[in-house]
Structure formats: C-alpha cells, structure tokens
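A.B. asks: The structure follows.
Protein chains in written order, with the numbering used here: chain S, 2 to 304; chain X, 8 to 359.
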C-alpha cells in the first residue's frame, strides 16, 4: 500500500500526494493518537515527577524533626510536626521580610511600568530627530546586565547615600526599563493613529491624550511587563545581597532565606519550612499569572 | 531634515480650519503657533523621556563606564579612588597570563590567572552544554506536550514552575537534597549505585555536573514554554497534510514542526548563551561556586574578588571581560544568525 508506506520520508510539500480513502485515513489517525497519547502521558508524568518531586520533598521536610530527616531522609515525616512552620510564622522576621519583598516588588513594578510607558510613548508615536538613537541607547541596556555593573553601582549608591529598600528600588527600576520599553514600543505603535488625530481635533493635548486614552488602551501590555518586572524584583538576589546587610528584618525574602540558612545551618528541617513558606505564595501567584508571563516572554522574544 | 520633523509645515495653522495633512502632520496636536508648538514638543519629550533616561544613564550606563575605568587601576575600594594606582591593562594581563612583570608572574598566575581560567572554563562549559543538552531535551518535551492528552494544560503549568521560582529557593532546596547525607545519596544507595565520593557538590568532577543538573531543572521550563508557544503557531493543516502523506510522527516533527519554529529556537539559543555567561544567583547560593571553586562562574569569581578580597580593579576587569564576551556573542548572533530570520521576514512581506 503506497498510502501507508512510511519508510520513505515524505514532506508536507511533496508534489505526489497519495490520497487514502477517508475511512482508512481516520483509522490510521486514531491508531497513531492512541500510541502517541500514551507516550505523551508517560513523558508528562516523568516531567511532572521531576519538577514537583523536589518541591514536595521540601514542603514535607518542613514537617519533620531534624532527627527524623537524618535517620530516614527518604521517608515521610514521622512524627508529623507543625512547630517548624508554626515557629517561623509566629516570629516577626519572616513577616517583615515578606512585607519588604512585597513593598520592593510593588514599587519597582509601578516605577518600571509608569516610567517605561511614559518613555515608550514618544518613542513609539512621536516623530523627532534622535528618536531611534534614544531607543538604541535603551536597547543597549540589555547588554549591560546588573552583574557587570554591580561593583561600581554599589559604590555609586554608597556615595549617593542611598541605602535600604530605596537603594534597592531605584536601580531595579533603571535596570528594568530597557526590557519594558522594548516590549511596549511596538505595542503602543500598533494602536491606530486615528485615535490621536481625533483627540487632537477635539483640542486634547498630548499629555491629556496620554493620560486619558493611551494609558487605558495600553493596559494589557502594561500588565504583561508589570508581571515580568514583579517576578524579577521578587526573586532578585544580587543587589539585596550587597545593599541589605545587617538586620534580617530589613531584608527581602531571598536574602532572608540565605541568611536564615547561615544562622541555623544545622536545623535543616527549619530551613526547609522557611524556604517552603517563602515559595508558596509566590508560586501560587505566578502560576495564576502563567498566561501573562508566557505572553510577556514570547512578546519579548518577538519584539 | 529639520531638527524636529514635527515643527513647521507639519503643524496645522488654524484650529479646525483644515484637517491635518497626511504624512508629517499625522499625530500632531492642533496649534496656532509653530514655534510655541515646537517648544511644547521639547517640553513634552523631556517630561515623558526625561525620568526614564535620567535613571537609566545614572544607574546603568554610568556604572558600566565606571567599571571600565576602575579596571585600569589597582584599587581596594576602601581608599579614595583618587589614591588608586593607575596600572593600565595590567589587571587584564593578570587575568589572562599572570601579568607583564616577570618577578611576580608565577605568583600572579596562581593567584589570578588560574582561578579566572577555571571560572571561564566552567562558564563556557555551561554555555556549550546548555545548547547540547537543554535544547534537544526542551524540544523533545515541547513536541510531546504539544499533542492532545488529558491534563495537558496542568502539565504545562507545572513544568513552567521552576522557572518562576527564585534562584535562592531552588538553590537552597537542591542544596538540602544534595547534602552528602541527604535524600539524593540515600536514593543512589537504594538503587545500588555509589554517590560521588567527595559529596555531590564538593566532588571535583561531580560538582560541576550536579550544578549543571540543577541549572537544567531550573531553566528547562523556559525552553519548553517558548517552544510550545512557537508550535502553537504552526498551522494544523501542515501536520494533517504530512499525516495524510504518510509521514510518521517523527518525520512530521523533524521536517515540519522543528523547521517552522526555527526562529523561536534561535531566539532561545540567544537567551541561553547570554544567560549562561552571566550566571550568578544560582551558583552563588550553591556554596558560592564551591569551596575550591570547582564550579565557579565568571560572575561568582568577580563577586569573590570584588567584595571579599576587595580587589576592585581586578574585579572590574573581570566584569569588563564578561561584558565583552556577552557583547561578542550577542553581536555575532544578531549579525549572523538572527539576521536570517529578519531578512526572511522582509522577503515574505515583499512577495506578498
């Protein structure tokens, strides 16, 4: 049978296209689907196990006693105890750090989205000499990662007297701007030009247009870049590591985890509980926002 | 060209008298006074672009330029920078071949060149292995998950989870799992294999591979999600056509799906290359590159030199080398590889 001869590679654009009778075609597709479905499920199960296994192990570890973990590291918690989680939640250090992380991530995100949209607006919709030049300056920012600039940045912040959470937020906004502008510029440009013409005919100024029309229309794009900025800030480690030294109450969660780990090096199950607590709210939020994150990442890639 | 294209003839002389002409006048507010309109435009530009540009130049561009400047000095970061000694490209020479002074060459080779070369080698190894291992793996997972099966949506979300977890959480988690007396060791014993003699991370050869495994676990989700997004753009008709032609599943993937998501793959490769060069957080959380630096990266080595040994000149030189490396890779990739995608697109538009 020529139609089922799969030994010979056939491409979609092959000129000769043997057409099997319909019933045959469906039978074949169904058969293929059966086999492939099981393969897909198999691969998916392995992937899910490898992804979730360590995370579940970490969360369960928080319910163990230290002795239970060292004598039987592969088993389930025995005895099952709440005190690791309870102790951490009863202490204000964890809550302070969570609050710090929330403040830093929120203010950073707001700053990046607002300043980024403001900058992207003229770069997308004005015509003036030097526009492309300024845009290129921002895009080079992608080439300057925080890692390269961090030593002099630390000195600069020290000289400017910027410390603590403020010292963290301002450079984070600066480093978040390039990506935001790169994503938002094509987005803003795609809005129809007639909007502006109509608004200007009615005597609205550019600033009025920006506030009253552009910002509402740009909201989907702003949410997308905002979610990316929030994640990046929430997970940030390098800059807090340099800036937020000293009192654990002034730290953000990622730095808090490594500091806690240093303090209670021998209490592994306590560290597991601490890390789990830091992970769960973020994980839930990010998984709810998965669509947005993927949109942002693929948008950034195409942009 | 006028300095501001929007000024002059583009501006409509009287409000409401004439509709804005096509071309230059597009998107301009109506104004009676061209000169005032121009001043206004400059003011608006300053208002909209000013804050972003000021922050960007102060906190991103200036520090990068400073790094280039510091790299030419012998400086400990404590004394005033004006007291630092200018030594030209000596820091770079020390990183690459022990410096130009024969008297200190041997000592500097041990102190500077060897650890730098180790960090450099690890970084390049991670860069190459990411492409060789994560690309096929990510592609395979994406192709399999691209098919319809029950629970597909949840599986995608779960596979993506490690990517959104912070490096610190993931690193701490794996540090506990790969503890020499921890669960990974127990599992190896359970299946009758011997765990690395020196401990998962501390072992001179296993350390690197353990870290590479952790990195793959953390970042494979991005590859999968990007490839899936690319695959969702491949028209179903093409796959149906291939199936009708009698192509097997593998043939369909290899000859239809993979070529069609080529642009997505090339972009992922680009992100992966740049990310590998700048890898820091994860490795730092995993014992700062290892007690003997057995899996140090350029970035973790830079931090150790800059902050813990207070050799800011040398640390800055390493930062600049790291920047040059990512810049070279980015430039090469943009010019040689990604340009193909862009010219393809232009051709398609022209043909249409």
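Ideal Cβ positions, reconstructed from N, Cα and C, are used throughout, including at glycine.
With distances taken from CA atoms, which of X/341, X/107, X/299 is nearest residue 205 of chain X?
C.D. replies: Out of X/341, X/107, X/299, X/299 has the C-alpha closest to the C-alpha of residue 205 of chain X.
A.B. asks: Check each candidate in S/268, S/49, S/280, S/99 and name the one with the smallest Cα separation from residue 171 of chain X.
C.D. replies: It is S/280 whose Cα lies nearest to the Cα of residue 171 of chain X.
A.B. asks: Could you tell me how far apart the beta carbons of residue 283 of chain X and residue 133 of chain X are, in whole angstroms, since I believe they sit closer than 8 Å?
C.D. replies: 5 Å between Cβ atoms; contact.
A.B. asks: Ends of the alpha helix (DSSP H) at residue 323 of chain X?
C.D. replies: From DSSP, the alpha helix (DSSP H) with residue 323 of chain X extends over 319-339.
A.B. asks: My understanding is that residue 148 of chain S touches residue 124 of chain X, with C-beta atoms under 8 Å, so please give their C-beta distance in whole angstroms.
C.D. replies: Their Cβ separation, rounded to whole angstroms, is 19 Å, which puts residue 148 of chain S and residue 124 of chain X out of contact at 8 Å.
A.B. asks: Within 8 Å (strictly less), CB to CB, does residue 260 of chain S reach chain X?
C.D. replies: Chain X, which has no Cβ nearer than 8 Å to the Cβ of residue 260 of chain S, makes this no.
A.B. asks: Between the Cα of residue 129 of chain X and the Cα atoms of X/46, X/216, X/294, which residue gives the shortest distance?
C.D. replies: Comparing Cα positions, the closest option is X/216.
A.B. asks: Which first and last residues belong to the alpha helix (DSSP H) in which residue 64 of chain X is found?
C.D. replies: That residue, residue 64 of chain X, is in no alpha helix (DSSP H); it is neither H nor E in DSSP.
A.B. asks: Distance check for residue 293 of chain S and residue 109 of chain S, CA to CA, integer angstroms please.
C.D. replies: Each residue's Cα considered, the two are about 18 Å apart.
A.B. asks: Who pairs with residue 92 of chain X in a beta bridge, going by DSSP?
C.D. replies: Note: residue 92 of chain X sits in a beta bridge opposite X/81.
A.B. asks: Determine whether the beta carbon atoms of residue 221 of chain X and residue 275 of chain X lie at a separation below 8 Å.
C.D. replies: No, Cβ-Cβ distance for residue 221 of chain X and residue 275 of chain X is not below 8 Å.
A.B. asks: Excluding sequence positions up to five away, which residues of its chain have a Cβ less than 8 Å from the Cβ of residue 189 of chain X?
C.D. replies: The answer, listed in chain order, is 183.
A.B. asks: Below 8 Å on the Cβ atoms is my guess for residue 122 of chain S versus residue 211 of chain S; work out the distance and round it to an integer in Å.
C.D. replies: With 8 Å as the limit, residue 122 of chain S and residue 211 of chain S qualify as a contact, their Cβ atoms being about 6 Å apart.
A.B. asks: Could you tell me the distance, in whole angstroms, from the CA atom of residue 274 of chain S to the CA atom of residue 71 of chain S?
C.D. replies: If I take the Cα positions, the gap works out to 16 Å.
A.B. asks: Excluding the 5 residues flanking residue 140 of chain S on each side, which residues of the same chain have their C-beta closer than 7 Å to its C-beta?
C.D. replies: These residues qualify, in order along the chain: 179, 183.
A.B. asks: Let me check understanding here. Comparing Cα to Cα, which of S/267, S/57, S/251 lies closest to residue 164 of chain S?
C.D. replies: When each option's Cα is compared against that of residue 164 of chain S, the closest is S/251.
A.B. asks: Using CA atoms only, rank isn't needed, just tell me which of S/94, S/175, S/137, S/146 is closest to residue 332 of chain X.
C.D. replies: For residue 332 of chain X, the nearest C-alpha among the options comes from S/146.
A.B. asks: Is the distance from the Cβ of residue 92 of chain X to the Cβ of residue 100 of chain X below 8 Å?
C.D. replies: It is not a contact, given that the beta carbons lie outside the stated cut-off.
A.B. asks: For chain X, is any of its Cβ atoms less than 8 Å away from the one on residue 82 of chain S?
C.D. replies: Output row for residue 82 of chain S: interface = no.
A.B. asks: Considering only C-alpha positions, which residue in the set X/249, X/245, X/288, X/241 is nearest to residue 270 of chain X?
C.D. replies: The candidate whose alpha carbon is nearest that of residue 270 of chain X is X/241.
A.B. asks: Helix, strand or coil: which one does DSSP assign to residue 128 of chain X?
C.D. replies: If DSSP states are grouped into helix, strand and coil, residue 128 of chain X belongs with the helices.
A.B. asks: State the start and end residues of the unbroken alpha helix (DSSP H) segment that holds residue 224 of chain S.
C.D. replies: From DSSP, the alpha helix (DSSP H) with residue 224 of chain S extends over 220-236.
A.B. asks: For residue 292 of chain X, count the other beta carbons within 10 Å of its own beta carbon; 16 or more makes it buried, fewer makes it exposed. Which is it?
C.D. replies: It counts as buried.
A.B. asks: For chain S, is any of its Cβ atoms less than 8 Å away from the one on residue 306 of chain X?
C.D. replies: Yes, its Cβ sits closer than 8 Å to a Cβ of chain S.
A.B. asks: Pick from X/161, X/312, X/323, X/280: whose alpha carbon is nearest that of residue 150 of chain S?
C.D. replies: The shortest Cα separation from residue 150 of chain S among X/161, X/312, X/323, X/280 belongs to X/323.
A.B. asks: Any Cβ of chain X within less than 8 Å of the Cβ of residue 41 of chain S?
C.D. replies: Yes - at least one Cβ of chain X is within 8 Å of the one on residue 41 of chain S.
A.B. asks: I need the DSSP call for residue 28 of chain X, collapsed to helix, strand or coil.
C.D. replies: Legend: pLDDT at residue 28 of chain X = 37, less than 50; position of this residue unreliable, no value from coordinates given.
A.B. asks: I'd like to check one pair, residue 306 of chain X with residue 277 of chain X: are the Cβ atoms closer than 8 Å?
C.D. replies: It is not a contact, given that the beta carbons lie outside the stated cut-off.
A.B. asks: Using a Cβ cut-off of 8 Å, which residues of the segment 264-288 of chain S contact any Cβ in chain X, in chain order?
C.D. replies: So the list reads 269, 272, 273, 276, 279, 280, 283, 284, 287, 288, given in the order they occur along the chain.
A.B. asks: For residue 98 of chain S, does the count of other Cβ atoms within 10 angstroms reach 16, so buried, or fall short, so exposed?
C.D. replies: With 16 or more Cβ atoms within 10 Å of its Cβ, residue 98 of chain S is classed as buried.
A.B. asks: In the DSSP assignment, the alpha helix (DSSP H) including residue 120 of chain X goes from what residue to what residue?
C.D. replies: It is not in any alpha helix (DSSP H) - residue 120 of chain X carries neither H nor E in the DSSP assignment.
A.B. asks: Starting from residue 160 of chain S, trace the alpha helix (DSSP H) both ways and give me its first and last residue.
C.D. replies: Start and end: 147-161.
A.B. asks: Against chain S, with Cβ distances strictly below 8 Å, would residue 193 of chain X count as a contact?
C.D. replies: Residue 193 of chain X counts as touching chain S.
A.B. asks: Identify which residue in S/288, S/267, S/39 has its Cα closest to the Cα of residue 156 of chain X.
C.D. replies: Ranking the options by Cα distance to residue 156 of chain X, first place goes to S/39.
A.B. asks: Would residue 301 of chain X and residue 230 of chain X qualify as a contact pair, given that the criterion is a beta-carbon distance under 8 Å?
C.D. replies: Result no, Cβ atoms of residue 301 of chain X and residue 230 of chain X do not sit closer than 8 Å.
A.B. asks: Can you tell me whether residue 71 of chain X is buried or exposed, with buried defined as 16 or more other CB within 10 angstroms of its CB?
C.D. replies: That one is buried.
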